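For the sequence shown, our numbering gives the first residue as 1027, with consecutive numbering after it. Don't be surprised by glycine CBs; every beta carbon is placed ideally from N, CA and C. Every value quoted in this text rests on a predicted model; they were computed, and no experiment measured them.
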Amino acid sequence: MSSSTSVKNIGIPGINPPERTCNDPKCPWHGHLKVRGAILRGIVVKKKMSRAVVVRHEYLHYVPKYMRYERRKKNIHARLPPCINVKEGDEVIIGETRPISKTIAFVVLGVAKK
């Protein structure tokens, strides 16, 4: 099985593999980076790093004292494989991996909305 010609099954239903291929060893589709843990959805805020993006994840947090929800947001650094093409403002799906660098422990799995 050649890593540049075949697409690996990452085990997450509902996410389609990219059309382009790459030979990046830290790509979940064409390399040997395993995806485990949280699967999140967010919007790409910055794309100035090489092979990495900043994704803003917005979620609701329940406050028991007031019995209400509050909106929270978090910026997450994620690795961007060369086979996935995104730009700022796109909604992407990211998955948790092992720590790749000091601040990166997520990888972009695909684009949800352009």
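Check                                                                                                                                                             : Outcome
Just reading off the beta strand (DSSP E) that H1087 is part of, what are its end residues?                                                                       : A1078 to V1089
Just to confirm before moving on: does the CB-CB distance between V1081 and I1130 stay below 8 Å?                                                                 : no
With distances taken from CA atoms, which of C1048, P1054 and D1050 is nearest I1041?                                                                             : P1054
So, for N1101: in the same chain, excluding its five sequence neighbours on each side, which residues have a beta-carbon less than 6 Å away from its beta-carbon? : V1080 and R1082
Should P1044 and I1126 be called a contact, given that it needs their Cβ atoms to be closer than 8 Å?                                                             : no
Going straight from the alpha carbon of R1098 to that of R1067, what length do you get?                                                                           : 14 Å
I'd like to know whether the C-beta atoms of H1103 and A1078 end up nearer to each other than 8 Å.                                                                : yes
Let me confirm a value: K1139 is counted as buried when at least 16 other C-beta atoms fall within 10 Å, else exposed. Which label applies?                       : exposed
Using a beta-carbon distance below 8 Å, is L1066 in contact with chain D?                                                                                         : Looking for chain D here will not work: only one protein chain is present.
Decide if H1056 is buried, meaning its Cβ has at least 16 other Cβ atoms within 10 Å, or exposed.                                                                 : buried
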